[in-house]
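Number of protein chains: 2
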Amino acid sequence: MKISTKGRYAVRVMLDLAAHNTGEYITVKTIAERQDISEKYLEQIISVLNKGGFVRSVRGAQGGYRIAKEPSDYTVGSILRLTEGSLAPVACLDSAENECERCDTCETLDVWRQLADAINRVVDGVTLQDLLDRQNSRLGDSYII
Amino acid sequence: MKISTKGRYAVRVMLDLAAHNTGEYITVKTIAERQDISEKYLEQIISVLNKGGFVRSVRGAQGGYRIAKEPSDYTVGSILRLTEGSLAPVACLDSAENECERCDTCETLDVWRQLADAINRVVDGVTLQDLLDRQNSRLGDSYII
DNA sequence: TTAAATCATATTAAGTCAATAGGAAATACC
DNA sequence: GGTATTTCCTATTGACTTAATATGATTTAA
Numbered sequence: 281m282k283i284s285t286k287g288r289y290a291v292r293v294m295l296d297l298a299a300h301n302t303g304e305y306i307t308v309k310t311i312a313e314r315q316d317i318s319e320k321y322l323e324q325i326i327s328v329l330n331k332g333g334f335v336r337s338v339r340g341a342q343g344g345y346r347i348a349k350e351p352s353d354y355t356v357g358s359i360l361r362l363t364e365g366s367l368a369p370v371a372c373l374d375s376a377e378n379e380c381e382r383c384d385t386c387e388t389l390d391v392w393r394q395l396a397d398a399i400n401r402v403v404d405g406v407t408l409q410d411l412l413d414r415q416n417s418r419l420g421d422s423y424i425i
Numbered sequence: 281m282k283i284s285t286k287g288r289y290a291v292r293v294m295l296d297l298a299a300h301n302t303g304e305y306i307t308v309k310t311i312a313e314r315q316d317i318s319e320k321y322l323e324q325i326i327s328v329l330n331k332g333g334f335v336r337s338v339r340g341a342q343g344g345y346r347i348a349k350e351p352s353d354y355t356v357g358s359i360l361r362l363t364e365g366s367l368a369p370v371a372c373l374d375s376a377e378n379e380c381e382r383c384d385t386c387e388t389l390d391v392w393r394q395l396a397d398a399i400n401r402v403v404d405g406v407t408l409q410d411l412l413d414r415q416n417s418r419l420g421d422s423y424i425i
């Protein structure tokens, strides 16, 4: 029941780009250094974000990435689903093909459905903007002290 | 973010034993047939349940397993935690040793904490007795029809 | 004594994770 | 036009996990 590094890194990358959302393009190298993530691994992850239209890229020298839309347009759930795949705790709930022929009489399916709902409610209830706001208010606190 | 077969099977085994809670001992073979799970694999899983004190066993001929306490004493969460280990969505939350030195400044930790809470709330809010009750009320429905 | 059963441990095949590696293609800058 | 920079693409790897299967020792009722 763990979220893999891929999904977690993806959230951090998006949050990094959201925090540096000036319209300028940022290189993988810069993000990798800031976030302390392997540059080559990050390349793969950001490639998924790019293909999903979550970021925009410019190739070549002086190129890089920037967030495609506003931070408030991205929920943590949308990022995780793009990079991790389904967040459903059991395969039966992945609508695509639920091969389990026990589904009709499955006594536990209801629990998994509740669990999926609870998970979705949390991750879809938090946007990158929310995370930025929390971050800023925490920084604000430390200034007061 | 999937619950493994180990955990899911464990819940089914416990539910099976809860549904046949007559005080008699039931063999792995019987459960395996009823639940359509590999007998040998089930042996391993039930061994964990046994060591955790969730079931009681009698060795030798005419031996088997039975649920140790009342079905209402077992939440789905307790069974999953025993067989799957921690249900925390990120390792940082596994109190034992949170190696991540970013924890203090981690902007995403809060989301994972919320997620863990939501997950725990669901799985700890459902007992085997609840599942039995739902099962019976569903059977009841079909009798009416 | 025998058959039935739990208990214990080792092995395996397939898959996933988290990278690393090597190079092709595009582009700003001199 | 050449060069350095940077994205883009795909393959490979080593470690680990998953979901079993296999083998046999131990216990016990009949």
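Protein sequence lines correspond, in order, to chains A and B. Under the numbering used here, read the first sequence as residues 281 to 425, first letter to last. Under the numbering used here, read the second sequence as residues 281 to 425, first letter to last. No residue lacks a Cβ here, since even glycine has one placed at the ideal position from N, Cα and C. It should be emphasised that the depicted structure is a prediction, and the values quoted were computed from it without experimental measurement.
- Using a Cβ-Cβ cut-off of 8 Å, residue 398 of chain A counts as an interface residue toward chain B, since at least one Cβ of chain B sits closer than that to its own.
- Boundaries of the alpha helix (DSSP H) around residue 314 of chain A: 308-315.
- Put simply, the backbone Cα of residue 283 of chain B is about 19 Å away from that of residue 381 of chain A.
- Spatial neighbours of residue 383 of chain B in its own chain (CB-CB distance under 7 Å, excluding positions within 5 residues in sequence) are listed in chain order as 372 and 389.
- Cα atoms of residue 285 of chain A and residue 299 of chain B: separation of roughly 40 Å, rounded to the nearest angstrom.
- In this structure, the beta-carbon distance from residue 304 of chain B to residue 312 of chain B does not fall below 8 Å.
- For residue 292 of chain A, same chain residues with a beta-carbon under 6 Å away, outside a window of 5 residues either side, are 315 in chain order.
- Proximity of the region 395-409 of chain A to the region 354-372 of chain A meets the contact definition, three or more beta-carbon pairs being nearer than 8 Å.
- For residue 345 of chain A, the enclosing beta strand (DSSP E) has its first and last residue at 344-347.
- Spatial neighbours of residue 367 of chain B in its own chain (CB-CB distance under 8 Å, excluding positions within 5 residues in sequence) are listed in chain order as 357, 360, 361, 396, 399, 400 and 403.
- Between residue 294 of chain A and residue 281 of chain B, the CB-CB gap reaches or exceeds 8 Å.
- As DSSP reads the structure, residue 388 of chain B sits in no beta bridge.
- For residue 281 of chain B, the C-beta contacts it makes with chain A under 9 Å involve 281, 282, 283, 284, 287, 360, 364, 365, 366, 367, 368, 369 and 399, in order along the chain.
- Beta-bridge annotation (DSSP): residue 337 of chain B is paired with B:345.
- Separation of residue 307 of chain A and residue 335 of chain B (C-alpha to C-alpha, rounded to the nearest whole angstrom) is 56 Å.
- Exposure of residue 385 of chain A is indicated by the presence of fewer than 16 other C-beta atoms within 10 angstroms of its C-beta.
- In the structure shown, the three-state DSSP call for residue 355 of chain B is strand.
- Under the 10 Å beta carbon count, residue 413 of chain B is surrounded by fewer than 16 other beta carbons and is classified as exposed.
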